[in-house]
Every structure is written in C-alpha cells, then in structure tokens.
Amino acid sequence: MSGQERQVHISAEAQHLVLATSDPQEVRDGVIEWYRSIGGRPFFDRLCDAFYGLVAEDDLLGPLFDDRWDVHARRLADHFHQMYGVGDLGQAWGSRLLRVHSTFLISHSHRRRWIDLFTEAGRRIDAPEPLFSELVGIMLIAAGDLMAASRGAALERGEKFDTQGRPLT
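When we follow our numbering, the leftmost residue of the sequence shown carries the number 1, and every step to the right adds one.
Structure follows, in structure tokens:
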C-alpha cells in the first residue's frame with residue numbers, strides 16, 4: 001500500500017456498480033487503465049462529438065446550450081481526459097463544472113434525456129462493452145449529483161419547482 005489510508009469508492013464490475021476499498025493510488029491506476037482500455041482520448045473525442053451532435057438536434061437539451069457544439073464537445077472530452085486519463089477524480093467536483101450546472105434548473109426529464117442521448121452516442125460509435133455500460137452507470141450518478149447542485153442553486157435564487165424539477169409559476 002502507498003502509505004495512505006484505504007478509502008471506500010464506487011467501482012464498476014461488468015454491469016454492476018459496487019462499493020470497494022482501495023488506496024488512492026490503486027484507484028488512480030485502475031481509472032487510467034480503464035481509460036486506456038475503452039480507447040483513450042480518441043474514443044472520448046468521438047463519443048463527445050456524437051453526443052453533442054445529438055444534443056444539437058434535441059428540443060429539450062439543445063436550448064440549454066449555445067450553438068458552439070464543437071466547443072462543448074471538446075470541453076467534455078477534456079473533462080473525461082482529466083478525470084480518467086490523468087486520474088484526477090477531483091474534477092468531478094471542479095468549480096467550473098459546478099458553476100456551469102448551477103446556472104439553470106436541471107429536471108428529471110433533462111437528466112433522463114442526457115443519459116439517453118449519451119447512451120445513443122455510444123451506440124452510434126460502437127462503444128466497447130462492458131466498459132461503456134460502466135461509464136453510463138457512473139454518468140447516471142454524476143447527472144444526479146449535478147441535478148442536485150442545480151436545484152440547490154435554484155433554491156438559493158428563490159426559484160420554485162416541483163419534485164420533478166419543473167418550474168412552478
């Protein structure tokens with residue numbers, strides 16, 4: 001062990017997410033190996049391009065973005081590279097990521113559509129399984145976390161919404 005205390009974390013095992021314990025260096029090494037196995041930077045570039053191509057045509061998610069789809073695709077690919085290619089898992093709670101997702105209210109419908117389009121993008125580029133299903137599982141958790149952050153920010157702004165995240169008038 002690297003001298004650091006073992007920590008509990010979520011780990012993907014085939015089609016399931018499980019709680020595991022590892023030291024931080026073991027987690028980082030495993031994440032980087034997973035990144036290489038799924039296809040590294042070229043895979044995430046293709047995935048993010050395909051994903052934002054779908055978002056650009058989507059009536060629910062498209063309006064949340066400006067029309068710089070290539071910029072959004074690069075930012076997301078860079079985010080995945082930092083998290084998984086470099087092993088900087090702290091990027092999951094980066095201030096820029098939280099700030100961007102706290103400027104609007106994310107509903108359950110937004111979250112479902114995001115996951116559906118992300119999954120469809122993976123299907124369109126023939127993403128390798130079961131690695132891609134593991135990523136989708138992690139994105140389900142991340143999307144829920146960002147939805148919660150957006151709701152907290154909306155409450156601070158005095159916005160009112162129902163349990164599904166739909167604004168109340």
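Think of the CB as a built atom: it goes at the ideal place given N, C-alpha and C, for glycine as much as any other residue. Source: prediction; values computed, not measured.
- Annotated three-state conformation of Ser37 is helix, per DSSP.
- By the C-beta density criterion, Ser150 is buried, having at least 16 other C-beta atoms within 10 angstroms.
- Rounded to whole angstroms, the Cβ separation of Tyr35 and Tyr84 is 4 Å, and the two are in contact under 8 Å.
- Classified as buried, Arg46 has 16 or more neighbouring CB atoms from the shown chains inside 10 Å of its CB.
- With fewer than 16 other Cβ atoms inside 10 Å of its own Cβ, Gly158 counts as exposed.
- Ranked by how close their Cα comes to the Cα of His81, the residues Thr163, Met147, Ser22 and Val31 have Val31 in first place.
- Rounded to the nearest angstrom, the gap between the Cα atoms of Asp126 and Arg75 is 22 Å.
- Of all alpha-carbon atoms in Thr169, Glu57 and Val27, the one lying nearest the alpha-carbon of Asp88 is that of Val27.
- Here Ala92 really is in contact with Ala142; their C-beta atoms are around 7 Å apart, less than 8 Å.
- Taking each of Ala50, Gln25, Ala20 and Ser109 in turn and checking the Cα distance to Gly122, the smallest one comes out for Ala50.
- Within the same chain, no Cβ atom closer than 7 Å to the Cβ of Arg96 is found once the five residues on either side in sequence are excluded.
- Secondary structure note for Leu98: it is in no beta strand (DSSP E), and the uninterrupted alpha helix (DSSP H) holding it is Ser95 to His101.
- Under DSSP, Pro167 takes part in a beta bridge, and its partners are Phe161.
- Leu105 is positioned such that its CB atom lies no closer than 9 Å to that of Ile38.
- Taking a C-beta distance under 9 Å as the contact criterion, Val55 and Gly62 qualify as a contact pair.
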